[in-house]
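Under numbering that gives the first Met the number 0, read the sequence shown as residues 0 to 267, first letter to last.
All C-beta atoms, glycine included, are put in the ideal place defined by N, C-alpha and C.
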Amino acid sequence: MADINWLSRSALLVGDEGIKLLQQKHVLVVGLGGVGSFAAEFICRAGVGEMTIVDGDVVDPSNRNRQLPALATNHGESKARIMKERLLAINPDLKLHVVEEFLTPQKCREILSKRYDYVMDCIDSITPKVTLLSAALNAGMPIVSSMGAGGKLDPTLIRVAWLPETYQCVFAQYVRKRLKKLANASTVKAVFSIEEVRRDSLVMTDGNNFKRSAYGTISYLPAAFGGVCASVVIRDLLDIPVELVDRPKRIQKKRLKKNAVSLPRVAG
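Encoded structure:
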């Protein structure tokens, strides 16, 4: 029998039944960077009994300012493998599945051929992100998706909304545009920030892993995103309400005005 004494403080908050419920759940975490690595650890420490983690990347020196697996001693090592060791050190009874691959469409179909109680999207590149979201939506699985955490400094401006209700986030705008043909895209819970991006922090990259550019990052902001993502998953699994924000009416009006089509006058 699994030892659950280490979850005694959590049980004071969510009850023994809540802990037992979480132990029966299987959560998929895709992307183990600044957001996903912290999100995966928070999910593990909450007592979820089964997890699948996915990431094909290795630690780069530039990761050390914000990513949980990144240390001065492990450059070039697999992030997924490092997180595997860390998560099992937290909970040796965790049923953990590790996929050390990047998310191609084929790999995505393979991963989502299984059923998960929740899908956590922590990918920071548009194309694989849309691939995952589309597949998870088609499979009818609950999803929380992290939007743009780069170029921002204020964690108090993080919000949670249904994807179509996100605003003041360029990354979310790109995702909405790519998913607009999917009728159930409105069922994705999105974690985003309404803080204005510091555009002077933008840098061009070599284009690897679907990323042509990246914004500067600070240590705590991606971790804060990961914490909010994990909180959405845990609260939903425990049927605890998650407050979702609506797009402000002034922004709705701007969008309607922008999308308005002027019809030509017909003579006669």
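For Lys-113, no beta strand (DSSP E) encloses it, and the DSSP letter there is neither H nor E. Residue state for Asp-56 is assigned as coil, using DSSP reduced to three classes. Beta-bridge annotation (DSSP): His-25 is paired with Glu-49. With fewer than 16 other Cβ atoms from the protein chains shown falling within 10 Å of its own Cβ, Gly-14 counts as exposed. The beta carbon of Ala-45 lies closer than 8 Å to those of Ser-9, Leu-21, Ala-229, Ile-233 in the same chain, with the five residues before and after it left out. Comparing alpha-carbon positions, the option among Gln-66, Leu-95, Asp-2 lying closest to Ala-222 turns out to be Gln-66. Ranked by Cα distance from Ile-89, the first of Ile-250, Val-47, Val-58 is Val-47. Taking C-alpha positions only, Met-119 is separated from Ala-182 by approximately 20 Å. Apart from the 5 residues on each side of it in sequence, Pro-141 sits with its Cβ closer than 6 Å to the Cβ of Tyr-117 in its chain, given in chain order.
A direct Cα-Cα distance of roughly 19 Å separates Asp-59 from Gly-150. When secondary structure is reduced to three states using DSSP, Tyr-117 falls in the strand class. DSSP assignment within the segment 171-219 yields no whole alpha helix (DSSP H) run of 4 residues or more. In the DSSP assignment, Arg-158 is bridged to Phe-191. For Leu-95, the uninterrupted beta strand (DSSP E) run begins and ends at 94-98, by DSSP.
Pairing Val-174 with Glu-164, the inter-Cα distance amounts to about 12 Å. Pairing Pro-154 with Gly-147, the inter-Cα distance amounts to about 12 Å. In summary, Lys-24 is buried, with 16 or more beta-carbon neighbours lying within 10 Å of its beta-carbon over all protein chains present. Under DSSP, Ile-142 shares a beta bridge with Val-118. Per DSSP, Ile-239 lies in no alpha helix (DSSP H) and is assigned neither H nor E.
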